[in-house]
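First to last, the protein sequences are chains A and B. The working numbering puts the first residue of the first sequence at 1, with every later residue one more than the last. The working numbering puts the first residue of the second sequence at 316, with every later residue one more than the last. Report on the following structure.
2 protein chains.
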Amino acid sequence: MIACNQAIIDRMQSSVPLIPQLGAHLVAAGGKRLRPLLTLASARLCGYGEKEGQKRHIRLAACVEFIHTATLLHDDVVDESTLRRGMASANALFGNKASVLVGDFLFARSFQLMTADGSLEVMAILSAASATIAEGEVLQMSTQNDLSTPIERYLEVIHGKTAALFAAACRVGAVVAQHDREAELALEQYGTNLGMAFQLVDDALDYAADQQVLGKTVGDDFREGKITLPVLAAYEQGTEEERRFWKRVIEENEQTEDDLPHALEIIAQRDAIRITIERARDYAEKAVAALACFPESGLKNLLRGTVLYTVERAR
Amino acid sequence: MIACNQAIIDRMQSSVPLIPQLGAHLVAAGGKRLRPLLTLASARLCGYGEKEGQKRHIRLAACVEFIHTATLLHDDVVDESTLRRGMASANALFGNKASVLVGDFLFARSFQLMTADGSLEVMAILSAASATIAEGEVLQMSTQNDLSTPIERYLEVIHGKTAALFAAACRVGAVVAQHDREAELALEQYGTNLGMAFQLVDDALDYAADQQVLGKTVGDDFREGKITLPVLAAYEQGTEEERRFWKRVIEENEQTEDDLPHALEIIAQRDAIRITIERARDYAEKAVAALACFPESGLKNLLRGTVLYTVERAR
Numbered sequence: 001m002i003a004c005n006q007a008i009i010d011r012m013q014s015s016v017p018l019i020p021q022l023g024a025h026l027v028a029a030g031g032k033r034l035r036p037l038l039t040l041a042s043a044r045l046c047g048y049g050e051k052e053g054q055k056r057h058i059r060l061a062a063c064v065e066f067i068h069t070a071t072l073l074h075d076d077v078v079d080e081s082t083l084r085r086g087m088a089s090a091n092a093l094f095g096n097k098a099s100v101l102v103g104d105f106l107f108a109r110s111f112q113l114m115t116a117d118g119s120l121e122v123m124a125i126l127s128a129a130s131a132t133i134a135e136g137e138v139l140q141m142s143t144q145n146d147l148s149t150p151i152e153r154y155l156e157v158i159h160g161k162t163a164a165l166f167a168a169a170c171r172v173g174a175v176v177a178q179h180d181r182e183a184e185l186a187l188e189q190y191g192t193n194l195g196m197a198f199q200l201v202d203d204a205l206d207y208a209a210d211q212q213v214l215g216k217t218v219g220d221d222f223r224e225g226k227i228t229l230p231v232l233a234a235y236e237q238g239t240e241e242e243r244r245f246w247k248r249v250i251e252e253n254e255q256t257e258d259d260l261p262h263a264l265e266i267i268a269q270r271d272a273i274r275i276t277i278e279r280a281r282d283y284a285e286k287a288v289a290a291l292a293c294f295p296e297s298g299l300k301n302l303l304r305g306t307v308l309y310t311v312e313r314a315r
Numbered sequence: 316m317i318a319c320n321q322a323i324i325d326r327m328q329s330s331v332p333l334i335p336q337l338g339a340h341l342v343a344a345g346g347k348r349l350r351p352l353l354t355l356a357s358a359r360l361c362g363y364g365e366k367e368g369q370k371r372h373i374r375l376a377a378c379v380e381f382i383h384t385a386t387l388l389h390d391d392v393v394d395e396s397t398l399r400r401g402m403a404s405a406n407a408l409f410g411n412k413a414s415v416l417v418g419d420f421l422f423a424r425s426f427q428l429m430t431a432d433g434s435l436e437v438m439a440i441l442s443a444a445s446a447t448i449a450e451g452e453v454l455q456m457s458t459q460n461d462l463s464t465p466i467e468r469y470l471e472v473i474h475g476k477t478a479a480l481f482a483a484a485c486r487v488g489a490v491v492a493q494h495d496r497e498a499e500l501a502l503e504q505y506g507t508n509l510g511m512a513f514q515l516v517d518d519a520l521d522y523a524a525d526q527q528v529l530g531k532t533v534g535d536d537f538r539e540g541k542i543t544l545p546v547l548a549a550y551e552q553g554t555e556e557e558r559r560f561w562k563r564v565i566e567e568n569e570q571t572e573d574d575l576p577h578a579l580e581i582i583a584q585r586d587a588i589r590i591t592i593e594r595a596r597d598y599a600e601k602a603v604a605a606l607a608c609f610p611e612s613g614l615k616n617l618l619r620g621t622v623l624y625t626v627e628r629a630r
């Protein structure tokens with residue numbers, strides 16, 4: 001991870017000063033670096049990265065983080081967020097223009113890194129994941145404010161915007177290791193299910209978490225009229241009066257100051273957080289089960305621990 | 316070009332309806348398709364594309380247009396433009412969010428197309444060009460409203476935001492044809508110089524053109540306080556009073572309705588359009604000169620004609 005962080009910093013350099021400046025802000029904000037960790041751990045689980053000179057996984061982990069960071073920068077523009085990982089978001093500090101353009105730069109840089117690596121298979125996986133992320137985000141946009149969104153559509157959205165890159169991050173690790181096809185697909189399954197669990201928990205936390213702990217603004221999704229499982233579940237189980245409330249605040253986007261506390265209350269009453277977390281647990285179980293083909297090892301424990309951490313941060 | 320247009324339409328498909336919808340709007344708006352034309356013509360000039368089954372240049376031309384379209388979509392968000400190619404811009408019609416995300420999708424899709432083509436050399440050229448474009452745009456942002464920007468910095472900006480992709484589009488054509496290194500570098504030189512001329516003329520037209528003919532809003536650059544050669548030249552040659560005017564409208568961005576007509580007047584008086592066009596002509600000459608190593612042919616005439624068209628549209 002240290003080598004990967006260094007690669008991230010090195011490859012964010014540019015002759016245009018604003019790019020490393022904004023880059024430094026993002027690096028300082030840190031974040032969990034979950035996706036590059038998945039690439040590194042997957043490669044190691046498949047036996048790559050211990051021998052002298054085996055460094056491809058480090059570069060590709062940086063590459064995965066660049067794609068992720070680019071989408072975060074663009075997300076914050078799209079969502080007009082002012083906080084990210086508990087710090088002022090890049091768009092709030094540097095402006096939307098810079099966020100769009102530096103996102104583009106990081107995306108381009110990630111493809112330069114892949115090209116330098118030279119594996120067409122890796123490029124196919126990561127460019128397909130990048131397209132899927134954008135599709136997921138567009139789909140999310142078209143469900144916004146729409147309480148009639150089926151849960152399946154919501155799951156499709158989070159698959160696109162989150163699980164696809166988790167899956168690609170893991171799969172790339174196996175490809176680098178040139179491990180067998182079974183391992184590659186198992187790690188992809190692991191990543192997909194972990195990503196689904198991760199996003200479900202994230203969506204639950206938006207209606208439950210303590211901002212200081214989480215480093216994100218509670219109620220962001222609410223204010224944007226984003227359709228997530230907590231809202232869909234509360235709406236489905238809601239009384240007539242509650243449904244009118246949801247229609248006003250989400251569909252018509254007419255919100256007053258008291259609406260968020262009221263929404264949190266209804267969501268608690270309708271058990272919508274528990275419903276969301278349970279769904280996350282189902283995916284988490286599948287993620288762990290996908291690792292069955294690998295023998296027990298410290299790395300397998302790490303990947304299993306990542307699943308646990310993902311679900312348990314909801315407490 | 317017909318095959319390339321078809322490839323563009325085909326590859327813009329997605330299961331998320333908004334993407335082909337917005338795509339159709341962009342395709343309908345048409346544009347000059349100058350960059351894919353450069354890829355096709357360069358490949359043909361190097362002897363590729365006439366034999367049965369030689370279709371790589373078509374896919375890569377589509378790929379170049381996707382990169383260009385993605386940057387246009389993001390530019391319009393960054394510039395808050397409402398017109399593009401004489402039609403309502405995508406961000407005005409579909410919103411900024413859609414423009415950012417569909418831009419990302421097209422960018423990702425272009426890398427999928429490159430991966431399917433399979434040439435690491437092509438990927439290196441186009442991913443480097445993509446990073447350079449983003450750098451150019453960020454650099455442009457940091458010169459905004461700054462009348463002390465040296466002309467060299469301005470030239471660096473237009474090299475990044477425009478000439479780099481022109482150069483890459485041409486070079487990719489030569490690479491596909493597996494022509495010799497000399498041809499590859501000659502076409503890159505041609506593209507770079509053509510791109511510089513193209514952007515200089517574009518910047519001149521923003522202070523001179525008839526909107527109906529040009530399909531862009533005259534005075535866009537002025538309103539955004541963008542630093543372009545017409546402004547730098549007029550400022551440099553200006554009286555004390557004129558300099559105060561430029562400082563107010565560009566640096567302090569305090570503009571009233573009468574300011575654009577006044578700016579156009581000063582720019583005409585200070586010969587700033589002619590200065591800009593002359594600079595464009597210098598680059599145009601270099602572009603034509605770069606073709607010297609190729610024997611005369613219809614395709615060489617086409618590439619020469621493209622240079623002429625680029626400079627002469629300023630009349």
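Here a beta-carbon is modelled for each residue, glycine too, at the ideal position from N, C-alpha and C.
Does the region 333–348 of chain B come close enough to the region 413–424 of chain B that 3 or more CB-CB pairs lie under 8 Å?
Yes: the two stretches touch, three or more of their Cβ pairs being nearer than 8 Å.
If you measure between the beta carbons of residue 12 (chain A) and residue 63 (chain A), is that distance less than 8 Å?
Residue mapping note: residue 12 (chain A) aligns to position 12 of the first sequence, counting from 1. Residue mapping note: residue 63 (chain A) aligns to position 63 of the first sequence, counting from 1. The answer is no: Cβ separation not under 8 Å.
Roughly how many angstroms lie between the CA atoms of residue 96 (chain A) and residue 413 (chain B), to the nearest whole one?
Translated into positions along the first sequence, residue 96 (chain A) becomes position 96. Translated into positions along the second sequence, residue 413 (chain B) becomes position 98. Cα to Cα, the separation comes out at about 15 Å.
Can you pull the chain B neighbours of residue 179 (chain A), defined as C-beta to C-beta under 7 Å?
In the first sequence, the residue the question calls residue 179 (chain A) occupies position 179. In chain order: nothing, as chain B lies at least about 21 Å away.
Report the CB separation of residue 183 (chain A) from residue 174 (chain A) in whole angstroms; it is logged as a contact under 8 Å.
Against the first sequence, residue 183 (chain A) aligns to sequence position 183. Against the first sequence, residue 174 (chain A) aligns to sequence position 174. So it is a contact: roughly 5 Å between Cβ atoms.
Report the rounded CA-to-CA distance for residue 89 (chain A) versus residue 257 (chain A), giving the unit in angstroms.
Mapped onto the first sequence, residue 89 (chain A) falls at position 89. Mapped onto the first sequence, residue 257 (chain A) falls at position 257. When rounded, the distance between both Cα atoms is 23 Å.
Is the Cβ of residue 221 (chain A) closer than 8 Å to any Cβ of chain B?
Here residue 221 (chain A) corresponds to residue number 221 of the first sequence, with the count starting at 1. No, because no Cβ of chain B sits closer than 8 Å to the Cβ of residue 221 (chain A).
Taking only beta-carbon atoms, is residue 419 (chain B) less than 8 Å away from chain E?
Note that chain E does not occur in the displayed structure, where the protein chains are A and B.
Beta carbon of residue 187 (chain A), beta carbon of residue 171 (chain A): below 8 Å?
Your numbering for residue 187 (chain A) matches position 187 in the first sequence. Your numbering for residue 171 (chain A) matches position 171 in the first sequence. In this structure, residue 171 (chain A) lies closer than 8 Å to residue 187 (chain A) by Cβ.
Here's the rule I'm using: 16 or more other beta-carbon atoms within 10 Å means buried, otherwise exposed. How should residue 493 (chain B) be labelled?
As a first step, residue 493 (chain B) must be located in the second sequence, where it is residue number 178. Exposed is the call here.
Find out if the Cβ-Cβ distance for the pair residue 154 (chain A), residue 228 (chain A) is shorter than 8 Å.
The residue you call residue 154 (chain A) lines up with position 154 of the first sequence. The residue you call residue 228 (chain A) lines up with position 228 of the first sequence. Yes, Cβ-Cβ distance for residue 154 (chain A) and residue 228 (chain A) is below 8 Å.
Output the distance between the C-alpha atoms of residue 200 (chain A) and residue 313 (chain A), rounded to the nearest integer angstrom.
On the first sequence, residue 200 (chain A) is found 200 positions in, with the first residue counted as 1. On the first sequence, residue 313 (chain A) is found 313 positions in, with the first residue counted as 1. Those two C-alpha atoms are separated by around 12 Å.
Have a look at residue 518 (chain B) and residue 267 (chain A) and give me their C-alpha separation to the nearest angstrom.
Position 203 of the second sequence, counted from the first residue, corresponds to residue 518 (chain B). Position 267 of the first sequence, counted from the first residue, corresponds to residue 267 (chain A). Using only the alpha carbons, I get a separation of about 55 Å.
Using only CA atoms, which one of A:304, A:253 and A:239 lies nearest to residue 269 (chain A)?
Position 269 of the first sequence holds residue 269 (chain A). When each option's Cα is compared against that of residue 269 (chain A), the closest is A:239.
Grouping DSSP H, G and I as helix and E and B as strand, with all else coil, what is residue 523 (chain B)?
What you label residue 523 (chain B) is simply residue 208 of the second sequence in a count that begins at 1. Three-state result, residue 523 (chain B): coil.
If we ignore side chains and look at the alpha-carbon of each, how far apart do residue 134 (chain A) and residue 611 (chain B) end up?
One-based indexing of the first sequence puts residue 134 (chain A) at position 134. One-based indexing of the second sequence puts residue 611 (chain B) at position 296. Residue 134 (chain A) and residue 611 (chain B): Cα-Cα distance of roughly 45 Å.
Identify whether residue 318 (chain B) lies in helix, strand or coil by the three-state DSSP scheme.
Numbered from 1 along the second sequence, position 3 holds the residue referred to as residue 318 (chain B). Residue state, collapsed to three classes: helix.
Are the beta-carbon atoms belonging to residue 360 (chain B) and residue 376 (chain B) less than 8 Å from one another?
In the second sequence, counting from the first residue as 1, residue 360 (chain B) sits at position 45. In the second sequence, counting from the first residue as 1, residue 376 (chain B) sits at position 61. No, Cβ-Cβ distance for residue 360 (chain B) and residue 376 (chain B) is not below 8 Å.
Mapping the DSSP letters down to three states, classify residue 599 (chain B) as helix, strand or coil.
Walking along the second sequence from the start, residue 599 (chain B) turns up at place 284. Of the three classes helix, strand and coil, the one that applies to residue 599 (chain B) here is helix, per DSSP.
When the distance is taken between beta carbons, is residue 384 (chain B) closer than 8 Å to residue 352 (chain B)?
As a first step, residue 352 (chain B) must be located in the second sequence, where it is residue number 37. As a first step, residue 384 (chain B) must be located in the second sequence, where it is residue number 69. Contact: no.
Note down, in chain order, all residues in the region 143–174 of chain A with a beta-carbon under 7 Å from any beta-carbon belonging to chain B.
The region 143–174 of chain A vs chain B, Cβ under 7 Å: nothing.
Counting only C-beta atoms, is residue 329 (chain A) closer than 8 Å to chain B at any point?
Because chain A in this structure spans residues 1 to 315, residue 329 (chain A) falls outside the shown range and cannot be described.
Counting only beta-carbon atoms, is residue 450 (chain B) nearer than 8 Å to chain A?
Position 135 of the second sequence holds residue 450 (chain B). Chain A contact via Cβ: present.
Going along the chain, which residues of its own chain have a beta-carbon closer than 6 Å to the beta-carbon of residue 274 (chain A), five neighbours each way excluded?
Working through the first sequence from its first residue, we reach residue 274 (chain A) at position 274. Answer for residue 274 (chain A): no residue qualifies.
Can you tell me where the alpha helix (DSSP H) holding residue 636 (chain B) begins and where it ends?
There is simply no residue 636 (chain B) to check, as chain B begins at 316 and stops at 630 in what is shown.
Cβ of residue 527 (chain B) less than 8 Å from any chain A Cβ?
To locate residue 527 (chain B), count along the second sequence from 1; it is residue 212. Note that residue 527 (chain B) has pLDDT 47, beneath the 50 cutoff, so the model's placement of it is unreliable and no number is given.
For residue 424 (chain B), would you say it is in contact with chain A, using Cβ-to-Cβ distances shorter than 8 Å as the test?
Residue numbering aside, residue 424 (chain B) sits at position 109 when the second sequence is read from its first letter. Yes, contact with chain A.
Buried or exposed: which applies to residue 309 (chain A), given that a residue is buried once 16 or more other Cβ atoms fall within 10 Å of its Cβ?
Counted from its first residue, the first sequence places residue 309 (chain A) at position 309. Looking at its Cβ environment, which holds fewer than 16 other Cβ atoms inside 10 Å, residue 309 (chain A) is exposed.
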